[in-house]
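Single-structure report; data block below.
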Amino acid sequence: MEKAPQKFTDLLSGKLSAKLPAKLAERAERGPVVAVVKLHGVITATPSPVSRPTISTQTVESALTRAFGHDRLSGVVLSVNSPGGAPTQSALVADRIRELAAEKDVPVLAYCEDVAASGGYWLACAADEVYAHPTSIVGSVGVVSASFGLTGLIEKLGVERRVYTAGDHKVRLDPFSPEKEEDVAWLRGLQGELHEQFQDWVRKRRGSKLNGSEDDLFSGEVWTGSKAAELGLVDGVGSLRQIVKEKFPDAHLHTVEPRKPLLAKLGMSSAVRFGGSPADSILSTVEALEHRALWNRFGL
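Here it is in structure tokens:
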């Protein structure tokens, strides 16, 4: 009879069974865990199918639930690297973080990497304490909208714009039509409401830690991590590992990242490589330019 493979023999003799409890004991001896969730990219409700990371309730939900679901969890660190983006997605993700923190009853820290600005800082404020590197860019508590006026261009091209609506205000700030003062006033009112909500969130989360004039803190200005610490926008500066070691000296870091977009998993960087149309390619390029513009505001 042919001799059985060694692994099968080991299994029959109970050697592998004897190793399993040892492995479990070794894992238990590792002690508490701090989960580090990477929140990197532009905040948008339309996740990119390509390799650019984005932040939304859809893209980060699995990472958050995995991080807060660890069985030896001592705390969660939000590693934030974002120039901002959609205010609603910023608020929804932050609310989800607070919901999980209350459910699991664990402290949450935020660490601002290269930039935590605008919506990125909104996310950071979901933590109980916020930290940054001395060189990080932090703040931008404000609201911005941007567009283009293309009326002169379509006239030169001989293009006639035709828009039909039911409702006097259905088409506001149409880039192909002359700008109207009443539309600009409406937009500023909308921005003012969102700005006030942003300020309320920062006041709620940072409270008496804020140190400075609200006119300055909420002006949309950004600061280095060192200056942000002086202003109370963050609780201190240092490296992520240094801060975690001080706060959780016996814990081990466990990094959790949002799942990669489908095309990134396939090693593709553009929808057109997936058989997309020229329009797909144009839209992908425009999206890339918009994301790049957000990062470029902070020299990144």
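If you count the sequence shown from 1, position 206 lands on 206 in UniProt numbering, and the numbers rise without skipping. Even for Gly, the Cβ is constructed at its ideal location relative to N, Cα and C. Computed from a predicted model, the values in this text were never measured in an experiment.
Would you kindly report the start and end of the unbroken alpha helix (DSSP H) that includes L190?
-> Within the sequence shown, residue 190 is the residue found at index 190, counting from 1. First-last of the alpha helix (DSSP H) with L190: 181-206.
Alpha carbon to alpha carbon, how far is L231 from S213? Give it in angstroms, no decimals.
-> On the sequence shown, residue 213 is found 213 positions in, with the first residue counted as 1. On the sequence shown, residue 231 is found 231 positions in, with the first residue counted as 1. Roughly 9 Å between the two C-alpha positions.
First and last residue of the beta strand (DSSP E) that includes Y131?
-> Against the sequence shown, residue 131 aligns to sequence position 131. 129-132 is the span of the beta strand (DSSP E), which, as asked, contains Y131.
Residue from A101, C112, T135, A91 whose Cα sits closest to the Cα of G119 = Position 119 of the sequence shown, counting from 1, holds the residue named residue 119. Ranking A101, C112, T135, A91 by Cα distance to G119 puts A91 first.
If we count Cβ pairs, one from each stretch, closer than 8 Å, do we get three or more for the region 119-134 versus the region 175-188?
-> no
May I ask you to list the residues that DSSP assigns as paired with N81?
-> Within the sequence shown, the letter at position 81 stands for residue 81. Answer is H40.
Beta-carbon gap between V60 and V36 smaller than 7 Å = The residue labelled residue 60 in the question sits at position 60 within the sequence shown. The residue labelled residue 36 in the question sits at position 36 within the sequence shown. No, the pair does not count as a contact, with Cβ atoms beyond the cut-off.
Is it the case that the Cβ atoms of A116 and V222 are separated by a distance below 7 Å?
-> Position 116 of the sequence shown, counted from the first residue, corresponds to residue 116. Position 222 of the sequence shown, counted from the first residue, corresponds to residue 222. No, Cβ-Cβ distance for A116 and V222 is not below 7 Å.
Excluding the five sequence neighbours on either side, which residues of its own chain have a C-beta within less than 7 Å of the C-beta of R66, listed in chain order?
-> Counting from 1 along the sequence shown, the entry for residue 66 is found at position 66. Taken in chain order, the residues that qualify are V256.
Is the distance from the Cβ of T46 to the Cβ of G85 below 7 Å?
-> On the sequence shown, position 46 is the one that residue 46 refers to. On the sequence shown, position 85 is the one that residue 85 refers to. No; because the gap between Cβ atoms is not below 7 Å, this pair is not in contact.
Touching or not, the region 238-258 and the region 159-171, by the rule of three or more beta carbon pairs under 8 Å?
-> no
Would you mind stating whether residue 303 and F248 have Cβ atoms separated by less than 7 Å?
-> A question about residue 303 goes unanswered here, because the residues of the chain that appear run from 1 up to 300.
Could you please give the first and the last residue of the uninterrupted alpha helix (DSSP H) stretch that includes A101?
-> If you number the sequence shown from 1, residue 101 lands on position 101. From DSSP, the alpha helix (DSSP H) with A101 extends over 87-104.
For R205, which residues from the same chain have a beta carbon less than 6 Å from its beta carbon, with the 5 sequence-adjacent residues on both sides left out?
-> Residue numbering aside, residue 205 sits at position 205 when the sequence shown is read from its first letter. Counting only Cβ-Cβ distances below 6 Å, and skipping sequence neighbours, we find C125.
Leaving out the 5 sequence neighbours to the left and right, which residues in its chain are closer than 7 Å to W186 when beta-carbon positions are compared?
-> Numbered from 1 along the sequence shown, position 186 holds the residue referred to as residue 186. Correct list, in chain order: R172.
State buried or exposed for A102, treating a residue as buried only when at least 16 other CB atoms are found within 10 Å of its CB.
-> Numbered from 1 along the sequence shown, position 102 holds the residue referred to as residue 102. It is exposed - the Cβ of A102 has fewer than 16 other Cβ atoms within 10 Å.
List the residues that DSSP assigns as beta-bridge partners of C112.
-> Here residue 112 refers to the residue found at position 112 of the sequence shown. Partner(s): V80, A132.
With a Cβ-Cβ cutoff of 7 Å, do V33 and R72 count as a contact?
-> As a first step, residue 33 must be located in the sequence shown, where it is residue number 33. As a first step, residue 72 must be located in the sequence shown, where it is residue number 72. Going by C-beta atoms, V33 is nearer than 7 Å to R72.
D250: buried (16+ other C-beta within 10 angstroms of its C-beta) or exposed?
-> Looking up residue 250 in the sequence shown gives position 250. Flag for D250 reads exposed.
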